[in-house]
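**Q** First the structure, then my questions, so here it is.
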Ligand code: ATP
Ligand code: MN
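Residue numbers (my numbering): 55 to 601.
Below, the structure written as structure tokens:
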């Protein structure tokens, strides 16, 4: 090897500089690495090319993926020397529409905005033009010019078009008209190509990225807790079993029960309902950890807020009490909302408009008081309301809503579990902002929550969000071994099986706390989508797992 040059093509004038340098060194080198960066300086493409003498230019021409993303193109000023787009560019994407055998609206998923690709009349024959149908995939190369048409600043004057994938537009399920969200759920594999789902899933991505950024910047360790677990410690009950035992001739014990010793793991196992217990063992070693992974609940609740497979974020922090826990949760929620608002404004504005239009169909009293953006700004600029369960029960009991018997489940008094209608009354009607409820009766909460001195309540906290209801469930954990064991016995949690969990209390136990945030409910809150099935790529719900 004679030499090696790595060149960075930042899609602007540095590209010219890099090319000049390569030419200067040409002949001395036999390999060149080309790295194209986008405006965020993240790598768009990276290729190592051999560089035999005299055909550098040809090699560059042969590179397949030298495309520019449409979002990046549309952000440029036409004819600005500094952008570098006065030169030829290549875009690739799917045809949204094709008008007058001349104007292609091309979309590549980087933005809802299409690039207008203009075909010079007479340049391509009719047979070829017929193949440019809605949903066909193509590659277009040409020059970016200022657009004469309204609706876009610039357009691509195509010198070359290559069809990458033909599509029968007659059979393509998406027509250039509005489809119902229900219909689109039936074609989950294609709904990403609509504007609504384009925006939803780009925002979902941004929120996921913000989750990692938030915790990483605070020095948390991202921990991957297992998907297959042995314990049903949560007592959630609603478990999916994991087994390789045959359904017929299942091995049985003498008493007729299933012999799990014969099973793959030699014991009964299921899909996780929460990573918390494993997370606690991480927190009592690393200090601060978080999990962010798939979670499964076989609950047969066909609501707009429950999925059988969803993603949960569960931070767990040593040396935190209940109040520290609430502070972190509030800061976290605000951080990820702000991240999406700052970085995905175009998609957020689109979703706000979509929601406003959807709400026009509703009777006046069912419409939101604030638009999506105003709602999120309000959440960012105001403290969450904090009150105890006991105070909440008093408010609910005294409410006109309760006195007029408008709750499906009437307020029977202290000790009752709150239903979603009660939670939503508190956030939507009474406080009109997110609420953190704390110190619930111990009877309605899990065994691991720290027992308060009153002997009746535990250091739990739930965060309730307008339009969604419960979005976070958390607590300070019981770190006192004797109290924990006693509570486990009272609640029939198998103490022996949980030896590994209790070890965290045996060897240097510490006050600690954590919470679980349902990621899809958060995405619903930020995107304004009313059904949780519309914020996850392939929803799993009772009787539905087609794709
Ligand atoms: P809910 O009462 O709404 O069913 P939960 O009390 O069962 O919630 P937790 O066990 O506290 O919920 O789980 C933590 C978080 O996970 C919840 O606050 C919620 O955001 C989310 N979550 C729980 N169950 C589901 C589900 N089936 N689908 C989507 N998200 C869920
Ligand atoms: Mn539940």
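Backbone N, C-alpha and C define an ideal beta-carbon position, used for all residues, glycine too. Just so we're clear, the structure is a prediction, and the values are computed from it rather than from any experiment.
1. So what's residue 350 in DSSP terms, helix, strand or just coil?
2. Have a look at 343, 521, 398 and 580 and flag the residue whose alpha-carbon is nearest the alpha-carbon of residue 268.
3. Heavy atom of the ligand ATP less than 7 Å from the Cβ of residue 306, yes or no?
4. Is any heavy atom of the ligand MN found at a distance shorter than 7 Å from the C-beta of residue 353?
5. Grab me the residues of residue 538's own chain with a C-beta within less than 8 Å of its C-beta, minus the 5 sequence neighbours each way, in chain order.
6. Report yes if the C-beta of residue 282 is less than 7 Å from at least one heavy atom of the ligand GTP; otherwise report no.
7. Assess contact between the region 405-417 and the region 433-441, defined as three or more Cβ pairs (one per stretch) separated by less than 8 Å. Is contact present?
8. Judging by CA-CA distance, which residue of 584, 177 and 540 is the nearest neighbour of residue 358?
9. For a quick check, are the C-beta atoms of residue 528 and residue 474 less than 8 Å apart?
10. Using three-state DSSP, classify residue 602 as helix, strand or coil.
11. Helix, strand or coil, according to DSSP, for residue 389 in the structure here?
12. What's the call for residue 578, buried or exposed, on a 16-neighbour Cβ count within 10 Å?
13. So what's residue 324 in DSSP terms, helix, strand or just coil?
14. What distance in whole Å lies between the Cβ atoms of residue 187 and residue 157, which are believed to be in contact at a cut-off of 8 Å?
15. In the structure shown, what three-state DSSP assignment does residue 447 receive?
16. Who does residue 566 pair with in a DSSP beta bridge?
17. Is there contact between the region 588-599 and the region 538-548, where contact requires at least three CB pairs shorter than 8 Å?
18. Would the C-beta of residue 333 count as close to the ligand ATP, meaning under 7 Å from any of its heavy atoms?
19. Just to confirm the assignment: which complete beta strand (DSSP E) runs, minimum length 3, are found wholly within the region 492-558?
20. Tell me whether residue 279 is buried or exposed, calling it buried when 16 or more other Cβ atoms sit within 10 Å of its Cβ.
21. With 16 as the cutoff for other CB atoms within 10 Å, does residue 161 come out buried or exposed?
22. Taking 8 Å as the threshold, find out whether the region 231-240 comes into contact with the region 304-319 through three or more Cβ pairs.
23. Would you identify the three-state DSSP class for residue 124, choosing helix, strand or coil?
24. I'd like to know whether the C-beta atoms of residue 213 and residue 144 end up nearer to each other than 8 Å.
25. Here's the rule: buried if 16 or more other CB atoms are within 10 angstroms of the residue's CB, otherwise exposed. What is residue 329?
26. Determine the closest residue to residue 179 out of 391, 348, 397 and 215, with distance taken between C-alpha atoms.
27. Would the beta-carbon of residue 325 fall within 8 Å of that of residue 586?
28. At what residues does the beta strand (DSSP E) containing residue 142 begin and finish?
29. Quick check: the Cα distance between residue 174 and residue 183, rounded to an integer number of angstroms?
30. Can you tell me whether residue 77 is buried or exposed? The criterion is at least 16 other CB atoms within 10 Å of its CB, across all chains shown.
31. My guess is that residue 406 and residue 370 are in contact by the Cβ rule of under 8 Å, so how many angstroms apart are they, rounded?
32. Taking only the alpha-carbon atoms, compute the straight-line gap between residue 365 and residue 232 and give it to the nearest angstrom.
33. Which residues mark the beginning and the end of the alpha helix (DSSP H) in which residue 252 is found?
34. Could you check what DSSP says for residue 171 in three-state terms: helix, strand or coil?
35. Mapping the DSSP letters down to three states, classify residue 161 as helix, strand or coil.
**A** Checking against the coordinates, here is how it stands:
1. Here residue 350 corresponds to residue number 296 of the chain shown, with the count starting at 1. Reduced to three states, the DSSP call for residue 350 is strand.
2. Translated into positions along the chain shown, residue 268 becomes position 214. Considering only alpha carbons, the answer is 343.
3. As a working note, residue 306 is residue 252 in the chain shown. False, no ligand heavy atom lies under 7 Å from that Cβ.
4. On the chain shown, position 299 is the one that residue 353 refers to. Distance from the C-beta of residue 353 to the nearest heavy atom of the ligand MN is below 7 Å.
5. The residue labelled residue 538 in the question sits at position 484 within the chain shown. 501, 502, 532, 556 and 559, listed in sequence order.
6. The ligand GTP is absent from the structure shown, which contains only the ligand ATP and the ligand MN.
7. no
8. As a working mapping, residue 358 is identified with position 304 in the chain shown. For the residues 584, 177 and 540, the minimum Cα distance to residue 358 belongs to 584.
9. One-based indexing of the chain shown puts residue 528 at position 474. One-based indexing of the chain shown puts residue 474 at position 420. Going by C-beta atoms, residue 528 is not nearer than 8 Å to residue 474.
10. Because the chain is modelled from 55 through 601, residue 602 falls outside the range shown and cannot be assessed.
11. The sequence position of residue 389 within the chain shown is 335, counting from 1. The answer is helix: DSSP assigns residue 389 an H, G or I state.
12. What you label residue 578 is simply residue 524 of the chain shown in a count that begins at 1. Its Cβ being crowded by 16 or more others within 10 Å, residue 578 is buried.
13. Stepping through the chain shown from its first residue, residue 324 is reached at position 270. If DSSP states are grouped into helix, strand and coil, residue 324 belongs with the strands.
14. Translated into the one-based positions of the chain shown, residue 157 becomes position 103. Translated into the one-based positions of the chain shown, residue 187 becomes position 133. Not quite, the Cβ-Cβ distance comes to about 14 Å (not below 8 Å), so this is no contact.
15. Counting from one through the chain shown, the residue named residue 447 turns up at place 393. In the structure shown, residue 447 sits in a helix (DSSP, three-state: H, G or I).
16. In the chain shown, the residue the question calls residue 566 occupies position 512. BP columns for residue 566 point to 372.
17. no
18. Stepping through the chain shown from its first residue, residue 333 is reached at position 279. No, the ligand ATP has no heavy atom inside 7 Å of this Cβ.
19. Here the runs fully enclosed are 511-519 and 523-530.
20. As a position in the chain shown, residue 279 is number 225, starting the count at 1. Under this definition residue 279 is a buried residue.
21. Here residue 161 corresponds to residue number 107 of the chain shown, with the count starting at 1. Residue 161 comes out buried.
22. no
23. As a working note, residue 124 is residue 70 in the chain shown. Of the three classes helix, strand and coil, the one that applies to residue 124 here is helix, per DSSP.
24. Within the chain shown, numbered from 1, the residue matching residue 213 stands at position 159. Within the chain shown, numbered from 1, the residue matching residue 144 stands at position 90. With respect to residue 144, residue 213 sits apart: the two C-beta atoms are not nearer than 8 Å.
25. The residue you call residue 329 lines up with position 275 of the chain shown. That one is buried.
26. The count along the chain shown starts at 1 and reaches residue 179 at position 125. Ranking 391, 348, 397 and 215 by Cα distance to residue 179 puts 215 first.
27. The count along the chain shown starts at 1 and reaches residue 325 at position 271. The count along the chain shown starts at 1 and reaches residue 586 at position 532. No, the pair does not count as a contact, with Cβ atoms beyond the cut-off.
28. Translated into positions along the chain shown, residue 142 becomes position 88. It spans 142-153 - the beta strand (DSSP E) in which residue 142 sits, taken as one unbroken run.
29. Along the chain shown, one-based indexing puts residue 174 at 120. Along the chain shown, one-based indexing puts residue 183 at 129. In a straight line, the C-alpha of residue 174 is about 11 Å away from that of residue 183.
30. Numbered from 1 along the chain shown, position 23 holds the residue referred to as residue 77. Model confidence at residue 77 stands at a pLDDT of 49, short of 50, so the residue's coordinates are unreliable; what they give is reported in the following sentence. Counting the other CB atoms within 10 Å of its CB gives residue 77 a total below 16, which places it among the exposed residues.
31. Here residue 406 refers to the residue found at position 352 of the chain shown. Here residue 370 refers to the residue found at position 316 of the chain shown. The pair is not a contact, with the Cβ atoms about 35 Å apart (cut-off 8 Å).
32. Here residue 365 is taken as the residue at index 311 of the chain shown, counted from 1. Here residue 232 is taken as the residue at index 178 of the chain shown, counted from 1. Those two C-alpha atoms are separated by around 29 Å.
33. Sequence index remark: in the chain shown, residue 252 carries index 198 (1-based). Here the alpha helix (DSSP H) through residue 252 covers 249-271.
34. Here residue 171 corresponds to residue number 117 of the chain shown, with the count starting at 1. Residue state, collapsed to three classes: strand.
35. Locating residue 161 in the chain shown gives position 107, counting from the first residue. Residue state, collapsed to three classes: strand.
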